[in-house]
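In the numbering used here, each number is its position in the sequence shown, counted from 1, plus 20.
Shown next, in structure tokens, is the structure this report addresses.
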Amino acid sequence: IRRPPRSTLFPYTTLFRSTGNLTLQSGGASSDTASVIISGASVNNSGTITNSGGGTGSTMISAVIGPNVTGVIQNSATSSLILSGINTYTSDTNINAGVLQVDGSIASLNTFVNPGGTLAGIGTIGGSVNNSGVVSPGDSPGKLTINSGYTQNSNGTLHIEIGGLSPGVNSDLLAVNGIASLSGTLQLVRINSFSPSAGNQVIILTAGSGLNNTTFDTVQSDFTGMVIAKVVYDPNDVRIVFVLSSFVTPGL
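Structure follows, in structure tokens:
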């Protein structure tokens, strides 16, 4: 992840422990590229934590967001919120705009990816995820884990980068420990100039409790030409199998 050149660091042992909401802003102007970095032991206010602002710098919280917090809200379309700690709050997480990148873990029972919002990262979501926006596993690429269920609605997108045949290593993987209920769009993006051969395959989604007899409504793929991507639904996973295009005559 490229870090902005300037940052504001709050390295307190207990950063914020009070009654009320905490609002973080990367800057009021779109030209502001400063980053806000919050480190230390904990953020444990009895209220919500909201990331907003018009700047393009990121806000990183490595301090633990504690159980008193009543919600985490990502509201900035231009400033991403990065959570890298082992967070213990169980209230809802709402991603209304921009990117929430979970590289640590959150214990939130419900995470809502709303239209205009994106959930990304290589961490763990403790509860369920309801996707009406974009879920993009990894830090380009990588593995994102959901400990409970995953529901993708008709207006949701699962964004998967494929740069090789190792799930979670050189290709994205969404690992769901519960049920994955699928709908909406699957978006397959080629990275690192990956050129698969016919017969190659890679798992992009696992579901410990199955797929609930569901599939994606639409598939958008960068893999066009002689070798194309075919989506295969198994009882507990979704695979991409690369096959010869119907326009290719075998042996030629």
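We put the CB at the ideal spot given by N, CA and C, even for glycine.
A quick note: this is a predicted structure, and the numbers were derived from the prediction, not measured.
Cβ contact (3+ pairs, closer than 8 Å) linking the stretch 152-166 and the stretch 178-187 | The stretch 178-187 and the stretch 152-166 touch, with three or more beta-carbon pairs separated by less than 8 Å.
Which term fits Pro187, buried or exposed, when burial requires 16 or more other beta carbons within 10 angstroms of its beta carbon?
-> Buried: at least 16 other Cβ atoms inside 10 Å.
Contact under 8 Å by Cβ, Thr95 with Ala127 | Correcting the residue identity first, residue 95 is Asn in this sequence and not Thr. Going by C-beta atoms, Asn95 is not nearer than 8 Å to Ala127.
Three-state secondary structure (DSSP) at Thr144?
-> Thr144 falls in the strand class under three-state DSSP.
For Ile145 versus Ile115, is the C-beta spacing smaller than 8 Å?
-> Ile145 places its beta carbon 8 Å or farther from that of Ile115.
Starting from Val89, follow the beta strand (DSSP E) in both directions and report where the run begins and ends.
-> Element bounds for Val89: n/a, residue is neither H nor E.
Endpoints, beta strand (DSSP E) assigned at Leu164 | That run of the beta strand (DSSP E) goes 163-166.
Exposed or buried, which one is Gly80 when buried takes at least 16 other CB atoms within 10 Å?
-> Looking at the sequence provided, one finds Met at residue 80 rather than Gly. When all chains shown are included, Met80 counts as buried.
Since Gly169 contacts Ile199 with CB under 8 Å, what's their CB separation in whole angstroms?
-> About 5 Å separates the CB atoms of Gly169 and Ile199; that is less than 8 Å, so the two are in contact.
Pick from Gly204, Leu264, Asn175: whose alpha carbon is nearest that of Pro135?
-> Taking only the C-alpha atoms, the option nearest Pro135 is Asn175.
Hey, how far is the Cα of Gly47 from the Cα of Asn232?
-> Here Gly47 scores only 49 on pLDDT, less than 50, and its place in the model should not be relied on; the value that follows carries that caveat. For the pair Gly47 and Asn232, the Cα-to-Cα distance works out to about 44 Å.
Distance, Cα to Cα, Ser72 vs Val89?
-> Cα atoms of Ser72 and Val89: separation of roughly 17 Å, rounded to the nearest angstrom.
Spatial neighbours of Leu202 within its chain, please: CB distance less than 6 Å, with the 5 preceding and 5 following residues excluded, ordered by chain position.
-> Gln172, Thr234, Thr235, Phe236.
Given that a residue counts as buried once 16 or more other Cβ atoms are within 10 Å of its Cβ, and exposed if not, what is Pro255?
-> Exposed.
Closer than 7 Å by C-beta to Asn107: which residues in its own chain qualify, once you throw out the five before and the five after it? Chain order, please.
-> Contacts found: Val84, Ile85, Gly124, Ser125, Ile126, Ala127.
Exposure label - Gln121; buried when at least 16 CB within 10 Å = Here Gln121 is buried. Its C-beta has 16 or more other C-beta atoms within 10 Å.
Met80, enclosing beta strand (DSSP E) - first and last residue | DSSP places Met80 in the uninterrupted beta strand (DSSP E) bounded by 79-81.
According to DSSP, which residues form a beta bridge with Tyr253?
-> Residue pairing by DSSP puts Tyr253 in a beta bridge opposite Val258.
Exposed or buried, what is Ser215 when buried is set at 16 or more other beta-carbons lying within 10 Å of its beta-carbon?
-> Exposed, by the Cβ-count rule.
Cβ of Lys250 within 8 Å of Cβ of Val261?
-> Result yes, Cβ atoms of Lys250 and Val261 sit closer than 8 Å.
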